[in-house]
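With this note's numbering, the residue at position 238 of the sequence shown is 269, and numbering never jumps. Below: one structure, written as structure tokens.
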Amino acid sequence: MAAPEDRRRFALASWANVVGNAAKIVVEGAAGVAFGSVALLADAAHSIGDLVASVVVLVWGDTRFDDPDSSHPHGHARIEPLTALFVGAVIAVLGLSLLYESARGIVRGEEGTFSYVLLGALAFAMADMYLVYRYTERVNADLDSTALAALATDCLNDLYTSFAALVGIVGLMLGYPLLDPIAGGLVSLLVVYQGVSIGRENVSYLVGTAAPEDHRERVRATLLAHPAVEGVHDLIVYYDGTVLEVEAHVEVDGDLTLREAHEIETELVRGTRALEPVGDAHVHLDPSGIGEWKDAADGDGESDRFAARDPRE
């Protein structure tokens, strides 16, 4: 799919999250104020943070589709995990806030007035978030955006917190108001866990963590599959944002002409970039059998710490 169409679908999914969260806040907030429901007001307050996160993704998240420029020669791949990291942080903070409110409700005890309007508002909120979740997931099935994935997770969190609020309101209806803060406390722990998980994943993208071994081996096998390649060493595969950067030294016949070597290098780079999720590749050709100049200078084998050599060597 062309990049402009991907960008349009990303924007639509982001807008769906903004509008969905805004509608949830208005409906739940109005019902909560009218009938003094702490559970409903807390759920609406939780969605304020979700709304902020959705706006951040809408404004900055689609920069992943921007072409490289003089300021960002490798593109804008790191901006997306940065926005997802923000979403994860918001989720974790709101989870902690909900946990605090739940603990305070257990200690102090809170009472509201039961009304079927409260149940109607919660039913609307849950249907609203479920539809936004399904739409975001469907769009992201093709885009594979970490920012949209974080928003989808946030929609699921909203379903959990709304269910906790539902338990609390049913408790009001049956005369057991303590059910509200207890259910909210349990769900808040899950919310905090998911926020931390999103944060950890996207921090890995931002700091250039090494790729999983299966990605590394797939890159290595692709390089070795070229008929002119006799060995691969100093192979480094790491994350640059949500895509992979590849650096490799490839051993070829030392008697090749410069033009022949250039054609081989071009084919290797093109083949490596075709792999998912590789974003860019840098291949250096070495004459086979003579070793590396830095090996001779250091003499301690330290340069081989990232080696992924051909077992035929």
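Every residue gets a Cβ at the ideal spot worked out from N, C-alpha and C, and that includes glycine.
Item to check | Whole-angstrom distance between Glu-36 and Thr-144, CA atom to CA atom | outcome: 49 angstroms
Checklist entry - Any chance the segment 257 to 267 sits against the segment 215 to 235, with 3 or more Cβ pairs inside 8 angstroms? => result no
Checklist entry - Distance, Cα to Cα, Ala-73 vs Asp-175? => result 32 angstroms
Next on the checklist: Please classify Ile-229 as buried or exposed, where buried requires at least 16 other C-beta atoms within 10 Å of its C-beta.
Outcome noted: buried
Checklist entry - How many Å lie between Ala-84 and His-313 at the Cα? => result 36 angstroms
Next on the checklist: Pop quiz: Asn-188 and Val-222 are said to be a contact at Cβ under 8 angstroms. What is the actual Cβ separation, rounded to whole angstroms?
Outcome noted: 5 angstroms
Checklist entry - Buried or exposed: where does Leu-289 fall if 16 or more other Cβ atoms within 10 Å of its Cβ makes it buried? => result exposed
Checklist entry - Grouping DSSP H, G and I as helix and E and B as strand, with all else coil, what is Ala-44? => result helix
Next on the checklist: Would you call the segment 186 to 203 in contact with the segment 144 to 162, where contact means no fewer than 3 C-beta pairs closer than 8 angstroms?
Outcome noted: yes
Checklist entry - Quick one: Cα of Gly-151 to Cα of Glu-244, how far? => result 50 angstroms
Item to check | Sequence-distant residues of the same chain with beta carbon closer than 6 angstroms to Met-204, five excluded per side | outcome: Phe-145
Checklist entry - Over what stretch of residues does the alpha helix (DSSP H) that includes His-246 continue unbroken? => result 244 to 255
Item to check | In chain order, each alpha helix (DSSP H) run of at least 4 residues that lies wholly inside the segment 262 to 306 | outcome: 289 to 304
Next on the checklist: Using only the alpha-carbon positions, how far apart do Cys-186 and Ala-47 sit?
Outcome noted: 11 angstroms
Checklist entry - Among all the DSSP beta bridges, which residues are the ones paired with Pro-318? => result Val-283
Checklist entry - Are the C-beta atoms of Val-83 and some chain B residue less than 8 angstroms apart? => result Within the model displayed, chain B is absent; a lone protein chain is all it includes.
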